[in-house]
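Here's the structure, in C-alpha cells; my notes come after.
Here's what the structure looks like:
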C-alpha cells in the first residue's frame, strides 16, 4: 500500500489505461449485441446458431486470443488493440444472450400497441423495446463490465495489461506491495464502473419506479375505501 501512495503517478497512469481497455470493449460489445439480438429475435434457427457460437467464443482462453489476434489482423503483439478486440468478442458473446432475453421480456401487447400507432420495426425497437429491456439488460451489462476490468489484467503477460503490469513486475521483483497496490486499484475501478452503470440504469428506468408508485398509491386508496 505504501508503494502505491509513493508512486501514485504511475498507478494513476496505469489506472487510466486499464479503465480504457475495460470500458471500450464493453461499449463495443453492447453496440454489437443489441442490434444483433434485435435481428435474431424472430429467427429461431439463426438465434440458436448465434448463441452456440457465442458460447464457443467465450470458452477460448483469453491469453491465447491475445496472441492469435495479432497474427490474424496484422497488429503488433504489444498493440492495445489486441486486448480491445479480444475483450469486445468476449463482451459480445456474453451480452448476446442477455440482449435476447431482455428483448424477449418486452410485453407483446406493448409491441403490438406501438405497431398499431404506426411505429415501424426500427423505430419501435429504438424507442420502445430498448427502453423496456433496460431492467433485464443492465444487470448483464454490469457483470460484463466488471469481468472486463478483471480480464484486462491478463494482457500484462504480453505487456498490455494496465494495472496488471503491477502484478508481473511485483512478482518478478518479489515485491508484494506493488501487487497489493494493483489489486486495490483494480477493485476500486471495478466498483466505480459498477456504480456508474447502476446510476445510469436508475436514470433510464424512472418509468418503472413511477409505475410502482402509482400502483402503491392505487392500493393505498383502495385500502382506505375498504
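Numbering (the numbering used here), first residue to last: 827 to 1052.
Glycine included, each C-beta is placed from N, C-alpha and C at the ideal position.
Give me, in chain order, the residues of the same chain whose beta-carbon lies closer than 7 Å to that of residue i; leave out the 5 immediate sequence neighbours on both sides.
i           : result
residue 960 : 1027, 1030, 1031
residue 855 : 914, 917, 918, 921, 970
Report all residues from its chain with a CB closer than 6 Å to the CB of residue i; omit the five preceding and five following residues, and keep chain order.
i           : result
residue 989 : 840, 844, 1008, 1011, 1012
residue 872 : 866
residue 858 : 918
residue 964 : 1027
residue 860 : 925
residue 868 : none
In whole angstroms, what is the alpha-carbon distance linking residue i and residue j?
i            : j            : result
residue 1058 : residue 838  : Outside the shown range of the chain, which is 827 to 1052, sits residue 1058, and nothing can be said about it.
residue 1025 : residue 957  : 15 Å
residue 970  : residue 852  : 7 Å
residue 955  : residue 1021 : 24 Å
residue 979  : residue 986  : 8 Å
residue 982  : residue 924  : 29 Å
residue 946  : residue 952  : 10 Å
residue 891  : residue 905  : 13 Å
residue 1043 : residue 972  : Its pLDDT being 33, under 50, residue 1043 is placed unreliably in this model, and the value from its coordinates should be taken loosely. One C-alpha to the other measures close to 37 Å.
residue 1081 : residue 929  : Since the first and last residues shown for the chain are 827 and 1052, residue 1081 lies out of range.
residue 940  : residue 875  : 30 Å
residue 1050 : residue 975  : Only weak support is given to the placement of residue 1050: the predicted model assigns it a pLDDT of 38, under 50, and the value that follows is read from those uncertain coordinates. Their Cα atoms are separated by approximately 51 Å.
residue 832  : residue 889  : 31 Å
residue 944  : residue 862  : 23 Å
residue 1001 : residue 1019 : 28 Å
Within the continuous alpha helix (DSSP H) that includes residue i, where are the two ends?
i           : result
residue 914 : 906-930
residue 999 : Taken as a continuous stretch (DSSP letters only), residue 999 belongs to no alpha helix (DSSP H), as it is neither H nor E.
residue 955 : Element bounds for residue 955: n/a, residue is neither H nor E.
residue 899 : 888-899
residue 830 : 828-832
residue 867 : Here residue 867 belongs to no alpha helix (DSSP H), and DSSP marks it neither H nor E.
residue 936 : 934-942
Note down, in chain order, each residue of its chain lying with its Cβ closer than 8 Å to the Cβ of residue i, except the 5 sequence neighbours on either side.
i            : result
residue 1005 : 992, 993, 996, 997
residue 901  : 895, 907, 908
Write down the C-beta distance between residue i and residue j rounded to the nearest angstrom, noting that I regard them as a contact closer than 8 Å.
i           : j           : result
residue 866 : residue 915 : Not really, about 17 Å apart at Cβ, beyond 8 Å.
residue 950 : residue 937 : 6 Å
residue 818 : residue 903 : No answer is possible for residue 818: the residues shown for the chain start at 827 and end at 1052.
residue 825 : residue 898 : The structure shown has nothing for residue 825, since the chain only spans 827 to 1052.
Problem - At least three beta-carbon pairs within less than 8 Å, the stretch 867-882 to the stretch 991-1003 - result: no
Practice task
Examine the Cβ distances between the stretch 846-860 and the stretch 904-918 and report whether three or more of them are shorter than 8 Å.
Solution key: yes
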